[in-house]
Amino acid sequence: MCSMSKWHKWDLHIHTPETKMHDGFKDKNGSKSNKDAIWKRYCKALNSYNVDVLGITDYFSADNFFKLQKNRKRWGLNNTIVLFPNIETRVADLVSKKRVDSKKTTSYVNIHIIFQPEVTEKEIDKFLSYLTVTRADGKCLNFKDDLNEIIERDRQFAYLPTTSSLLKALRKTFGEHYRENVLLMIPNSGDGINLKDGNGSRNGKDFVMGNIDFLQARTNCAQKDREYALKKENNNYGRVLASVTGCDAHDIETIEKFPTESSTWIKADKTFEGLKQITYEPETRVKIQELKPQKSMQTKIIKSIDLPRPYFNKNHLVFSEGLNTIIGGRSSGKSILLSIIANISSDQENFKLSGQNYNELVHKLSENCRLTFADGRTGNGTDQIEFIYQDGLQAIARDSQKRNKFLQETLTTIKGAEIEKVQTKEESFRKEKREEMSKWTEKLRLIDQNGEL
């Protein structure tokens, strides 16, 4: 039985020991000499970070991503944590927010290239070899073989590529459909693209419209950034974008102190295709909050059912919190399964209107079954779950009195905070529309009155 997408915690911007710039990682004694000890301490911190997916980040390099992949077991990294390579680039032809707002002329735009986890070292090397800059003397430098010259001794970039050279390198590596292999992210911070009118803003807006997949929200105002990027109007980016967060850690302390209320939760598989889903559903697939998003009415959610072994091929079924679809041919057990759930949860006696043998079979099969709800309770016959077999549903639909009675009983038995919210929202909506209609009625009355005059 395939399960639906689940909420997982993601951090797509985190550096590692031996990162190319600003490496502040140390062992427990504060030393930088024992690299193996530093990596082990780093992996221990990641395990305690309680994140399911990490974007292993470095400047114009994925060396440390592959190093961690190869040594993760030896260094003690949990095998459930999924790693994505994130190459952090800077480009010379886009104006940054920091440059405009703070008049900082040395500030450039950061563009994060997130590759699918299955990317090979050969492909990354190929991309970095194709990514080039040209010196004043005409010599061509590439970001694979000449990175030591490109990054100066004071750990600053002596040369930066352009956006066109970046996209060209991606096309030469992966072909015209390179977007199937990478996603592009920019920060919504000072290192992001200036979108205010003037100062090259049109260049930035065009690049965002054609290339950027989602944003990295600022840690201290992540929710505000998310809401802004989801606006359909008055959004300088020109379109709705998903927002994620990342600790951007260059040391252990930053990982440990990252505010949990800025955590990113994504409802998708922990895969590249799963991450792509946030570009299609930026509002519903991504949440920025401390705790894992979940349905508030856990007492109404069925988590699993255990079935008797002699009668069923699969004895333990796990359900998703949202919509579940049960598929099968005729007489494959779909109705039997639903009837058992109703019988265990609410002691429903009859299921088919004219099917005594069927009803007896349901009771027999239910004897050794166990139904578990999301809040941990087990079904004991006191829950309000009813299975209406097809013939019963047809009988209700054909009789107006039965239909009205069924609707009224169903609605009056639903309780909980979620229903109260819906009722409050509906009342507010009705009030707003009544007031609006009154205003228009008054306007029409005045028009008629003035017309008569």
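Going by the working numbering, the first residue of the sequence shown is number 1218, and it counts up by one from there.
Each residue gets a CB set at the ideal place from its N, CA and C atoms; glycine is no exception.
The residue from 1666, 1572 and 1283 with its alpha-carbon nearest to that of residue 1338 is 1283. Bounds of any alpha helix (DSSP H) do not take in residue 1268, whose DSSP letter is neither H nor E. The criterion of a C-beta distance shorter than 8 Å is not satisfied by residue 1447 and residue 1429. Only residues of its own chain outside the window of five on either side were considered, and among them 1299, 1300, 1301, 1302, 1488 and 1489 have a CB closer than 8 Å to the CB of residue 1334, listed in chain order. One alpha carbon belongs to residue 1519, the other to residue 1562, and they sit about 10 Å apart.
Below 8 Å, too few C-beta pairs join the stretch 1239-1247 and the stretch 1481-1500 to call them touching: fewer than three.
Counting other Cβ atoms within 10 Å of its Cβ, residue 1454 reaches 16 or more and is therefore classed as buried.
Counting other Cβ atoms within 10 Å of its Cβ, residue 1305 reaches 16 or more and is therefore classed as buried. As DSSP reads the structure, residue 1256 sits in no beta bridge. For residue 1562, the enclosing alpha helix (DSSP H) has its first and last residue at 1551-1563. When DSSP reads this structure, residue 1305 sits in a beta bridge with 1276 and 1329. Per DSSP, the unbroken alpha helix (DSSP H) holding residue 1441 starts and ends at 1439-1446. For residue 1424, the secondary structure class from DSSP, reduced to helix, strand or coil, is helix. Between residue 1536 and residue 1496, the C-beta gap is not smaller than 8 Å, which leaves the two residues out of contact.
Per DSSP, residue 1381 is one residue of the alpha helix (DSSP H) stretching across 1380-1391.
The continuous alpha helix (DSSP H) containing residue 1581 extends over residues 1573-1583.
Put simply, of 1522, 1426 and 1548 the residue whose alpha carbon is nearest the alpha carbon of residue 1594 is 1522. Beta-bridge annotation (DSSP): residue 1401 is paired with 1330.
Beta-bridge pairing by DSSP links residue 1299 to 1270.
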